[in-house]
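*Asks:*
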Amino acid sequence: MATLVRPAPRMGLSSLPRPQGDTGIWSWITTVDHKRIGILYGATAFILFMIGGIEALIMRLQLATPNGQVVDADTFNQLFTMHGTTMIFLVIMPLSVAFFNYIIPLQIGARDVAFPRMNALSYWIFLAGALFINLGWLIGQAPDAGWFGYANLTEKPYAMGLNTDFWVLGLQILGIASILGSLNFFVTIVNLRAPGMRMMRMPVFCWMTMVTNILMLLAFPVITVALTLLLFDRFFGTHFYVPSGGGDPQLWVHLFWVFGHPEVYILILPAMGMVSQVLPTFARKPLFGTPFVIYSGIAIGFLSFGVWAHHMFAQGLGPTADAAFAFSTMAIAVPTGVKIFNWIGTLYKGHLWYTTSMLFAVGFIAMFIIGGLSGVMHASPPADLQQNNTYFIVAHFHYVLFGGAILGIFSGVYYWYPKAIGRVMNEKLGKWHFWLTMIGFNVTFFPMHWIGLDGMPRRVYTYPSGMGWGGYNMLETVGAFVIALAMLLFVYNAVNSMRHGDIAGNDPWDGRTLEWSIPSPPPHYNFAEIPVVTAMDDWWAKKYGAGHEVGHAVPAMAGASQDARAHEEHPVHIHMPDPSYFPIIVAIGMFVMALGMVTNYWLCLVGFAFVFTGIYGWSFEPVNAPAPPGSSEVHTALAPAPHAPVAVH
Amino acid sequence: MIKLSRSVASMQRALWPLGIALVGFLLAGCTGPQTTISPQSDFANEIQFLLKLTFWSAVGVFVIVEAVLLWIAIRYRRRRTDPAMPPQIHGNTPVEIIWTIIPAVLLAIVAAFTTPIIFSTEAAPPKNALQVRVIGHQWWWEFQYPTLGVVTANEVHMPVNQTVTFDLESADVMHSFWLPRLGGKRDVIPNHVNNLWWTPNTIGTTPGQCAQFCGTSHANMRMLAVVQSQADFNAWVAAQKAPPAAVPASGPAADGKAIFARSACIGCHTIDGVSKGTVGPNLTHVGSRSIIASGILENTPQDMAKWLKDPPAVKPGSLMPNLHLSDSDINALVAYLESLK
Chain A
815 MATLVRPAPR MGLSSLPRPQ GDTGIWSWIT TVDHKRIGIL YGATAFILFM
865 IGGIEALIMR LQLATPNGQV VDADTFNQLF TMHGTTMIFL VIMPLSVAFF
915 NYIIPLQIGA RDVAFPRMNA LSYWIFLAGA LFINLGWLIG QAPDAGWFGY
965 ANLTEKPYAM GLNTDFWVLG LQILGIASIL GSLNFFVTIV NLRAPGMRMM
1015 RMPVFCWMTM VTNILMLLAF PVITVALTLL LFDRFFGTHF YVPSGGGDPQ
1065 LWVHLFWVFG HPEVYILILP AMGMVSQVLP TFARKPLFGT PFVIYSGIAI
1115 GFLSFGVWAH HMFAQGLGPT ADAAFAFSTM AIAVPTGVKI FNWIGTLYKG
1165 HLWYTTSMLF AVGFIAMFII GGLSGVMHAS PPADLQQNNT YFIVAHFHYV
1215 LFGGAILGIF SGVYYWYPKA IGRVMNEKLG KWHFWLTMIG FNVTFFPMHW
1265 IGLDGMPRRV YTYPSGMGWG GYNMLETVGA FVIALAMLLF VYNAVNSMRH
1315 GDIAGNDPWD GRTLEWSIPS PPPHYNFAEI PVVTAMDDWW AKKYGAGHEV
1365 GHAVPAMAGA SQDARAHEEH PVHIHMPDPS YFPIIVAIGM FVMALGMVTN
1415 YWLCLVGFAF VFTGIYGWSF EPVNAPAPPG SSEVHTALAP APHAPVAVH
Chain B
256 MIKLSRSVAS MQRALWPLGI ALVGFLLAGC TGPQTTISPQ SDFANEIQFL
306 LKLTFWSAVG VFVIVEAVLL WIAIRYRRRR TDPAMPPQIH GNTPVEIIWT
356 IIPAVLLAIV AAFTTPIIFS TEAAPPKNAL QVRVIGHQWW WEFQYPTLGV
406 VTANEVHMPV NQTVTFDLES ADVMHSFWLP RLGGKRDVIP NHVNNLWWTP
456 NTIGTTPGQC AQFCGTSHAN MRMLAVVQSQ ADFNAWVAAQ KAPPAAVPAS
506 GPAADGKAIF ARSACIGCHT IDGVSKGTVG PNLTHVGSRS IIASGILENT
556 PQDMAKWLKD PPAVKPGSLM PNLHLSDSDI NALVAYLESL K
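Chains as they are written, first to last, in the numbering used here: chain A, 815 to 1463; chain B, 256 to 596.
(1) Using a C-beta to C-beta distance shorter than 8 angstroms, which residues of chain A count as neighbours of TRP354(B)?
(2) Shorter than 8 angstroms from the beta carbon of ASN449(B) to some beta carbon of chain A?
(3) Compute the Euclidean distance between the alpha carbons of ALA1372(A) and GLU1343(A), then round it to the nearest angstrom.
(4) Leaving out the 5 sequence neighbours to the left and right, which residues in its chain are closer than 8 angstroms to ALA1380(A) when beta-carbon positions are compared?
(5) Indicate whether at least one CB of chain B lies closer than 8 angstroms to the CB of THR1276(A).
(6) Does DSSP put ALA924(A) in a helix, a strand or coil?
(7) So ARG230(B) contacts chain A; which residues on that side make the cut at Cβ distance below 9 angstroms?
(8) If we count the other Cβ atoms within 10 Å of its Cβ and call it buried at 16 or more, is THR454(B) buried or exposed?
(9) Counting only Cβ pairs nearer than 9 angstroms, list the residues of chain B close to ASP1242(A).
(10) Could you check what DSSP says for SER543(B) in three-state terms: helix, strand or coil?
(11) Measure from the alpha carbon of THR879(A) to the alpha carbon of each residue in SER1331(A), ASP1352(A), MET1301(A) and GLU1290(A), then state which is nearest.
(12) Listed from N- to C-terminal order along the chain, which residues in the segment 435-447 of chain B have their beta-carbon within a distance smaller than 8 angstroms of any beta-carbon of chain A?
(13) Within this structure, are the beta carbons of LEU985(A) and LEU1041(A) separated by less than 8 angstroms?
(14) For ASP427(B) and ASN1438(A), what's the separation of their Cα atoms in angstroms?
(15) Under a Cβ-count criterion, where at least 16 other Cβ atoms within 10 Å of its own Cβ denotes burial, should VAL1238(A) be classed as buried or exposed?
(16) According to DSSP, is GLU553(B) helix, strand or coil?
(17) When the Cα atoms are used, what is the spatial distance from SER1375(A) to ASP886(A)?
(18) Taking any Cβ of chain A, which residues in the segment 319-332 of chain B have a Cβ under 7 angstroms from it, in chain order?
(19) Can you tell me whether DSSP reads HIS392(B) as helix, strand or coil?
(20) Under a CB-based cut-off of 8 angstroms, is CYS469(B) close to chain A?
(21) Buried or exposed for ALA1209(A), going by 16 or more other Cβ atoms inside 10 Å?
(22) Throw me the rounded Cβ distance for the LEU935(A) and PRO1397(A) pair, which I believe falls under 8 angstroms.
(23) What is the residue span of the beta strand (DSSP E) that GLN892(A) lies within?
(24) What's the gap between the Cα of LYS1242(A) and the Cα of TYR1231(A)?
(25) Which one of THR899(A), LEU1250(A) and PHE940(A) has the shortest CA to CA distance from PHE1304(A)?
(26) Could you name the residues of the same chain whose beta carbon sits closer than 8 angstroms to that of ILE1003(A), not counting the 5 residues immediately before and after it, in chain order?
(27) So, is the C-beta of ASP427(B) closer than 8 angstroms to a C-beta in chain A?
(28) For a contact meaning CB atoms closer than 7 angstroms, what does THR370(B) contact in chain A?
(29) For LYS531(B), list the residues DSSP reports as bridge partners.
(30) Verify the CB distance criterion: does THR454(B) have a CB-CB separation below 8 angstroms to chain A?
(31) List the residues of chain A whose Cβ lies closer than 9 angstroms to the Cβ of CYS285(B), in chain order.
(32) Say whether chain A places a C-beta atom closer than 8 angstroms to the C-beta of PRO571(B).
(33) Does GLN483(B) come out as helix, strand or coil in the three-state DSSP assignment?
(34) Give the residues of chain B in contact with TYR1231(A), contact being defined as C-beta atoms less than 7 angstroms apart.
(35) By the three-class DSSP mapping on this structure, what secondary structure does GLU397(B) have?
(36) Closest to ILE1388(A) by C-alpha separation, out of ILE990(A), PRO1271(A), ARG925(A) and ASP979(A), would be which residue?
This is how it looks when you write it as structure tokens:
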């Protein structure tokens, strides 16, 4: 009953053959499987992480000594702009999205996301945007006005090159990917939970993912509007931000941060969700105060839209606005603190098993505390007038985004790698990776607090000698290379463990949530039978019984994994959506349209043709290719519960 | 008991040098010339108070929370002797309420100290304040004293113990006016007039620079604040208001004046009685300044020659182009400009 088979229309593109098979490059290009898309997101974002890291290393070399001569001013400005833009939009966000893709359906007991083809579309559009925004490097005109792109420096005549055009158009493309993705995950989490998984039984990672995706859904339209106005200014001669035409550059600053501050929480909440899974697993205790962790995440989400002007204390908004935004900023520290205390409470009286994943999670707490406290220091507007736009701020947000988001993500990588690959990463190398990262990170970023207070501004390609900053900068550069070394170890470990890691089995960590109930890597359809959820941390409850203050093993209840193997012999019964060519065609069209904007407008028409073809073909493409005549496939046998996404278009 | 006190004592011995090093590092004047933590005005003092308040609160919270985290993380590591399963603690509502309220109270205290300082430092400047109009340019600072009739660049003078109010305007893009020892920064925004005021309390010179990314040479947009006694300030004003120094009838300075008057210089620069350009800095008394090229060069004949030879090589993106002056023209111009005390 669940498979909704539409008659294939006779005309149009859908009469083309559907992509077949599940090996080879075309199977990856046309995949709509959330797990494969998750791996694509993760691998792409990690390559971009390396690129953003190399940009950082070149900057660190330039700043190692006063009057550095490694790169010139314009190159440095491109480097810091692209480092920020890359790390935020092309690394931390898509790395988080990789986890949303891979883990969310597994944790909620679904077979895929709500809109599998749209999911593929998000990835390909993300890739198109990532490539486009980096295209400027090829002609020496990478974006150079900062990741925050304050108008009117982004306006003609102050930005005559193509630099800012690549940035505006690239971010617009990425915004489409983000909005599509956030819709998809919101709908997935709301609609595709396994039977019995009430909202308060949902794993905290799913909760934080849902809050994140609501933030994306609400914040990205703001940056889309802001970028559209800028695009019109640059291409069609409007003057929304041009002072001489009656526009106001400060309008950009407001719009940017109305987006930009929720964006900060978009970056950190997924990592908070990951450590909220990792800590209970390796402490062998439930997450302390789970409802408080969830509610504080929601509170952070709400408050994040009311704090944007704390980026603007130096803009002269007046004492009333400054005081109001100071209060809201201090208020957001409270739920953040509650989360930290609950994580520490989770460790209390646990049996802490220090796997690499656990080390990264504990490291996350330790470093995030520092980032949070320095954040409170510039929540006080007068104090911020000295700290704003100095290296103190650089230190602060690297403690939040590297010490927070990146360490949390690494914790997640070591935790879920066995699920995705089927093998465990090498723990010895992992621990080297962790300790080198921690040392390198603190050597790089801790001195920045001091040189910031000592008056070194951000975004300077050079500084004179005699300012007292040289030695600290040299130290930071050394630290940056230690981080780079740690990352190389990680890459080696991740690649090598694919073949030589220990076999993981279904549940290497004695996990708590549904993804550990199925094989590693999971079969295409995830759950042979959709599990019925009876408790928070349902898999743990099935293993050890729910409600036991001191848990002990109980006979397994009817779950998914016990009989998964039996079903593997008959996977034909479960119908998954077929792969599709159309998502990548749409994404290629968007890339070509953007390319047309910076070269020849006629090219936009070609791009539009791709987009139109892709969307048209997609609209008439059934979820599953019609079964060939004479096929004995049974569509309805063992059809999953109504929660399975098979029938959703 | 004895053992414990001994170990505490040895720990104290071990920690003393570390503590002294840390405190020494923070207090013993390892600060650079552009530091934010060596305040020299009322405004900077108020900021310093809030910095100390938030810093020491943060240090207190840091030490307590990290110590608890570290202790728990080490104390409860997995051991062979562990029972099969740790106690399955799901949470504790009173504890949750306590650790929600404590940070809220701490933050309320910070807010209570912050708020009056926001309103006092952002109030309208006193009526008797000395007015300075600051205009940010890519990439240099213009300073006008409307009540005194003085126009200068990159070097702002103010009398000690006299309130100075800065009206901040931009000629092109956003900048940020920042003299760290004298106070916090304020962004300089096109079509907005922002304001900042303070009363300097220490005589001396202190560097500052643009703190809002403003394009290629943002890093080179520096300035110098000169806080003087009232008498010195009055003398400086008198010198700035005087007509440009007379140039001898012949010699290198006279040649330089002639070259200046017939070259592109006059399109952008003002020298009273010679030219009326307004794109670049007013050079009427350029010889009296201690810095040129927005503070990236000393005002010496060598540096002035280096600047005139190829401005964009010194300040990337500089609006002043390379005029391809001959060395003899440069020497003449240097002699002329340096004579403009």
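Ideal placement from N, C-alpha and C gives every residue a C-beta, glycine not left out.
This one's a predicted model, so the numbers in the text were calculated from it and none came from an experiment.
*Replies:* Inspection of the coordinates gives the following:
(1) GLY1151, VAL1152 and PHE1155
(2) yes
(3) For ALA1372(A), the predicted model reports a pLDDT of 34, less than 50, meaning its position is unreliable and no value from the coordinates is stated.
(4) Because the pLDDT of ALA1380(A) is 45, which lies under 50, any placement of that residue in the model is unreliable, and the question is left without a value.
(5) yes
(6) coil
(7) The question about residue 230(B) has no answer here: the residues shown for chain B are numbered 256 through 596.
(8) buried
(9) Sequence inspection shows Lys at residue 1242(A); the Asp mentioned does not correspond to that position. Under the 9 angstroms cutoff, chain B gives no residues; its nearest Cβ is about 18 angstroms from LYS1242(A).
(10) helix
(11) GLU1290(A)
(12) PRO435, GLY438, GLY439, LYS440, ARG441, ASP442, ILE444, PRO445, ASN446 and HIS447
(13) yes
(14) 58 angstroms
(15) buried
(16) strand
(17) Residue confidence for SER1375(A) is low, a pLDDT of 40 falling below 50, so the modelled location carries little weight; the figure read from the coordinates is stated next. Cα-Cα distance, rounded: 59 angstroms.
(18) VAL320, GLU321, VAL323, LEU324, ILE327, ALA328, TYR331 and ARG332
(19) strand
(20) yes
(21) buried
(22) 4 angstroms
(23) Segment 887-899 is the alpha helix (DSSP H) holding GLN892(A); no beta strand (DSSP E) there.
(24) 15 angstroms
(25) LEU1250(A)
(26) ILE918, ILE922, MET1016, CYS1020, THR1023, MET1024 and ASN1027
(27) yes
(28) ALA1137
(29) THR525(B)
(30) no
(31) TRP1264, ASP1268 and GLY1282
(32) yes
(33) strand
(34) Under the 7 angstroms cutoff, chain B gives no residues; its nearest Cβ is about 21 angstroms from TYR1231(A).
(35) strand
(36) ARG925(A)
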